[in-house]
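Student: Numbering (the numbering used here), first residue to last: 57 to 550.
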RNA sequence: GGUCUCGUGGCCGAGUGGUUAGGCAGCGGUCUGCAAAACCGUGUACAGCGGUUCGAAUCCGCUCGAGACCUCCA
């Protein structure tokens with residue numbers, strides 16, 4: 057078999073080194089992967105689909121190669137402040153206040169909606185999905201460790217990480233490439249309002265004001281953990297003090313991931329992550345799509361076509377394919393034209409997988425080059441998950457399938473089974489595309505259609521084209537397309 | 001202002017020293033009663049200017065343009 061760990065050398069781009077590196081897990085065949093999940097205070101938008109699908113692809117491909125992946129994707133439900141400089145209101149708490157709900161009602165509601173959306177995108181469920189609010193004890197323990205190590209200080213019930221002290225012994229900026237001198241000079245002056253010794257410092261535990269609902273007792277009084285703490289604490293709990301892959305959006309690179317490294321390094325005595333992976337943003341008219349920018353398009357709106365910029369609705373698989381047609385480290389600009397092109401291309405690919413099932417092998421015919429296509433698919437994926445190049449190769453396979461189906465080429469039995477396995481692996485298992493839902497009443501419709509087709513056949517035999525065209529046109533209006541092929545007429549839903 | 005990334009044909013999007021990316025759209029052909037689908041063929045693409053090189057979209061420099069991060073964001 058070609059798709060084994062031993063046979064494939066996987067290179068991935070490590071943000072830490074800014075280079076593509078050979079992937080060598082700490083404890084093969086096990087792989088630990090942590091990905092920053094959503095803060096559940098609002099509906100998931102197109103931007104959330106990017107990391108969900110990107111790391112779903114990583115998860116699926118690693119699994120395909122034979123790795124045993126423990127995939128942890130968290131739910132942020134506490135500590136993520138609205139404005140910050142570590143001064144704003146908690147995002148969840150704010151939403152709860154605005155809607156007069158318990159914070160956990162907000163969390164539950166949006167978590168379920170997130171789950172529903174990513175399931176629509178055929179994103180596999182992670183191995184573990186920890187909530188920040190369920191790991192307060194672990195976070196307190198970590199804050200305590202950092203304090204004891206001397207890299208944090210308590211002020212008035214809050215605990216802050218001392219970035220400058222950390223930087224004297226380690227390297228703050230190792231991930232983002234930032235220079236601490238620049239950071240110091242660029243940090244907003246808080247005009248002495250802050251308890252922090254330096255604007256660079258960040259809260260790892262925050263005192264809860266009396267009105268603050270989301271609060272837990274701690275050695276420093278009632279409060280809540282700082283946002284960066286959760287990933288450090290939960291990553292460590294489920295994947296160990298050092299694990300293989302940490303993923304997330306590029307916008308989390310600084311300060312979130314940089315601070316995670318600092319916290320974990322101090323608490324555990326070593327850098328937590330070997331390979332950092334960051335997906336790029338989805339843009340709208342060239343500008344990043346983001347909640348705070350007010351240009352986010354929710355996934356529900358997308359699937360329903362309810363947005364002024366949408367010419368019509370797009371299915372979840374169209375969005376998945378659209379995202380996979382760009383390499384995850386490139387920005388991807390939204391447009392109706394691009395989405396419609398993606399939709400057509402995907403349909404062509406999926407139809408070919410159906411056509412493939414009907415192909416018959418021919419004895420003693422030369423190879424059509426399926427092995428080359430297979431090799432190209434693996435090489436693309438091994439090159440930092442280059443899904444667009446892999447998809448380009450799959451279209452080569454589509455050409456082969458259709459040529460055989462049209463009788464322009466013949467395929468031998470060995471290649472036919474190789475091709476079948478290849479398409480199953482890459483289209484469905486790795487890319488995670490789903491065939492169009494046939495619907496539970498497909499058999500009923502097919503029965504009706506066969507009758508209609510028979511009647512139309514009769515009309516055509518009599519050269520009564522007015523009738524045959526009327527049938528075809530009316531069906532098209534109803535969403536069913538007829539195609540007259542050599543071996544009779546077939547139908548498909550538009 | 002600082003740090004960084006990017007600018008590829010009508011649209012999207014790979015490639016990163018010499019060799020076809022691919023999809024969508026367009027054009028021509030085959031097939032078809034006509035279509036659709038499919039197949040075959042078809043595009044003086046690499047922001048501009050200069051440099052390195054036998055050779056640059058690919059390396060270097062400058063110019064212009066766009067974006068990201070530096071504050072919450074996937």
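Glycine included, every Cβ here is placed at the ideal spot set by N, Cα and C.
Quick caveat, the model's predicted, so the values are computed rather than measured.
Closer than 6 Å by C-beta to residue 184: which residues in its own chain qualify, once you throw out the five before and the five after it? Chain order, please.
Tutor: What you label residue 184 is simply residue 128 of the first chain in a count that begins at 1. Excluding residues within five positions, the ones whose Cβ falls inside 6 Å are 128 and 294.
Student: Considering only residues of the region 264-323, which uninterrupted beta strand (DSSP E) runs meet the minimum length of 3 residues and lie entirely inside it, listed in chain order?
Tutor: Runs of the beta strand (DSSP E) inside the region 264-323: 279-281 and 299-305.
Student: Under 8 Å by Cβ, that's how I've got residue 383 and residue 398 pegged, so tell me the actual separation to the nearest angstrom.
Tutor: Stepping through the first chain from its first residue, residue 383 is reached at position 327. Stepping through the first chain from its first residue, residue 398 is reached at position 342. Incorrect: roughly 15 Å between the Cβ atoms, too far for contact.
Student: Just checking my contact of residue 176 with residue 359 at CB under 8 Å: how many whole Å lie between their CB atoms?
Tutor: Residue 176 sits at position 120 when you count from the first residue of the first chain. Residue 359 sits at position 303 when you count from the first residue of the first chain. Right, the Cβ-Cβ distance comes to about 7 Å (below 8 Å), so this counts as a contact.
Student: To the nearest angstrom, how far is the alpha carbon of residue 495 from that of residue 229?
Tutor: In the first chain, counting from the first residue as 1, residue 495 sits at position 439. In the first chain, counting from the first residue as 1, residue 229 sits at position 173. Any answer about residue 495 is weak, because its pLDDT of 48 lies below 50 and its placement is not dependable; what the coordinates show is given next. Distance between the alpha carbons of residue 495 and residue 229: 53 Å.
Student: Classify residue 444 as buried or exposed, calling it buried when 16 or more other Cβ atoms lie within 10 Å of its own Cβ.
Tutor: Translated into the one-based positions of the first chain, residue 444 becomes position 388. So residue 444 counts as exposed.
Student: Can you tell me whether residue 430 is buried or exposed? The criterion is at least 16 other CB atoms within 10 Å of its CB, across all chains shown.
Tutor: For the purposes of this step, residue 430 is taken as the residue at position 374 of the first chain. When all chains shown are included, residue 430 counts as buried.
Student: How many Å lie between residue 534 and residue 60 at the Cα?
Tutor: Numbered from 1 along the first chain, position 478 holds the residue referred to as residue 534. Numbered from 1 along the first chain, position 4 holds the residue referred to as residue 60. Those two C-alpha atoms are separated by around 47 Å.
Student: Take residue 502 as the anchor and find which of 546, 205, 515 and 511 has the nearest alpha-carbon.
Tutor: The residue you call residue 502 lines up with position 446 of the first chain. Of 546, 205, 515 and 511, the residue nearest in Cα terms is 546.
Student: Starting from the Cα of residue 510, find the closest Cα among 198, 544, 488 and 522 and give me that residue.
Tutor: In the first chain, residue 510 corresponds to position 454, counting from 1. Residue 510 has its Cα closest to that of 544, out of 198, 544, 488 and 522.
Student: So the candidates are 520, 266, 74 and 202; which of them puts its Cα closest to the Cα of residue 145?
Tutor: Along the first chain, one-based indexing puts residue 145 at 89. For the residues 520, 266, 74 and 202, the minimum Cα distance to residue 145 belongs to 266.
Student: Check each candidate in 411, 217 and 375 and name the one with the smallest Cα separation from residue 463.
Tutor: Taking the first residue of the first chain as 1, we reach residue 463 at position 407. Looking at the Cα atoms, 411 is the closest of the given residues.
Student: Would you mind reading off the limits of the alpha helix (DSSP H) that contains residue 110?
Tutor: Position 54 of the first chain, counting from 1, holds the residue named residue 110. Segment 102-121, the alpha helix (DSSP H) holding residue 110.
Student: Do residue 71 and residue 333 come within 8 Å of each other at the CB atom, strictly closer than that value?
Tutor: For the purposes of this step, residue 333 is identified with residue 277 of the first chain, where counting begins at 1. For the purposes of this step, residue 71 is identified with residue 15 of the first chain, where counting begins at 1. Their beta carbons are under 8 Å apart, which means residue 333 touches residue 71 by this criterion.
Student: Is there contact here, the region 208-218 with the region 302-310, by at least three beta-carbon pairs under 8 Å?
Tutor: Short answer: they don't touch.
Student: Does DSSP put residue 208 in a helix, in a strand, or in coil?
Tutor: Against the first chain, residue 208 aligns to sequence position 152. The answer is strand: DSSP assigns residue 208 an E or B state.
Student: For residue 503, which of helix, strand or coil comes out of DSSP?
Tutor: Counting from one through the first chain, the residue named residue 503 turns up at place 447. Residue 503 falls in the helix class under three-state DSSP.
Student: Roughly how many angstroms separate the alpha carbons of residue 159 and residue 269, rounded to a whole number?
Tutor: Position 103 of the first chain, counting from 1, holds the residue named residue 159. Position 213 of the first chain, counting from 1, holds the residue named residue 269. One C-alpha to the other measures close to 8 Å.
Student: The alpha helix (DSSP H) with residue 132 in it runs from where to where?
Tutor: Here residue 132 corresponds to residue number 76 of the first chain, with the count starting at 1. Run containing residue 132: none; DSSP gives neither H nor E here.
Student: Let me check one thing: in DSSP terms, what residues is residue 217 bridge-paired to?
Tutor: Counting from 1 along the first chain, the entry for residue 217 is found at position 161. For residue 217, which the question treats as bridged, DSSP gives the partners 208 and 258.
Student: Tell me the DSSP secondary structure of residue 202 in three-state form.
Tutor: Within the first chain, residue 202 is the residue found at index 146, counting from 1. Note: residue 202 maps to helix in three-state DSSP.
Student: Tell me where the beta strand (DSSP E) around residue 540 begins and ends.
Tutor: Counting from one through the first chain, the residue named residue 540 turns up at place 484. It spans 536-541 - the beta strand (DSSP E) in which residue 540 sits, taken as one unbroken run.
Student: Whose C-beta lies closer than 7 Å to the C-beta of residue 363 among residues of the same chain, with five residues either side of it excluded?
Tutor: By one-based count along the first chain, residue 363 stands at place 307. Closer than 7 Å at Cβ, skipping near neighbours: 353 and 357.
Student: Quick one: Cα of residue 310 to Cα of residue 232, how far?
Tutor: Counting from 1 along the first chain, the entry for residue 310 is found at position 254. Counting from 1 along the first chain, the entry for residue 232 is found at position 176. C-alpha separation (whole angstroms): 6 Å.
Student: Using the three-state DSSP reduction, which class does residue 333 fall into: helix, strand or coil?
Tutor: The residue labelled residue 333 in the question sits at position 277 within the first chain. The answer is strand: DSSP assigns residue 333 an E or B state.
Student: Looking at the unbroken alpha helix (DSSP H) that takes in residue 380, where does it start and where does it end?
Tutor: Numbered from 1 along the first chain, position 324 holds the residue referred to as residue 380. Start and end: 372-380.
Student: By the 10 Å Cβ neighbour count, where 16 or more other Cβ atoms means buried, how is residue 130 classified, buried or exposed?
Tutor: Mapped onto the first chain, residue 130 falls at position 74. When all chains shown are included, residue 130 counts as buried.
Student: Among the residues of its own chain, which have a CB less than 6 Å from the CB of residue 205, if the five just before and after it don't count?
Tutor: If you number the first chain from 1, residue 205 lands on position 149. Same-chain partners within the cutoff: 322.
Student: Counting C-beta neighbours from all protein chains within 10 Å, is the total for residue 286 16 or more, i.e. buried, or is it exposed?
Tutor: Along the first chain, read from residue 1 onward, the residue named residue 286 stands at position 230. That one is buried.
Student: Exposed or buried, residue 195, counting other C-beta atoms within 10 Å across all chains shown (16 or more means buried)?
Tutor: Taking the first chain and counting its residues from 1, the one referred to as residue 195 is at position 139. By the 10 Å Cβ count, residue 195 comes out buried.
Student: For the beta strand (DSSP E) containing residue 545, name the first residue and the last one.
Tutor: For this step, residue 545 is matched to residue 489 along the first chain. Run containing residue 545: 544-549, per the beta strand (DSSP E) assignment.
Student: For the region 337-354 against the region 399-409, do three or more pairs of beta-carbon atoms, one drawn from each stretch, fall closer than 8 Å, so that the two count as touching?
Tutor: These segments do not touch.
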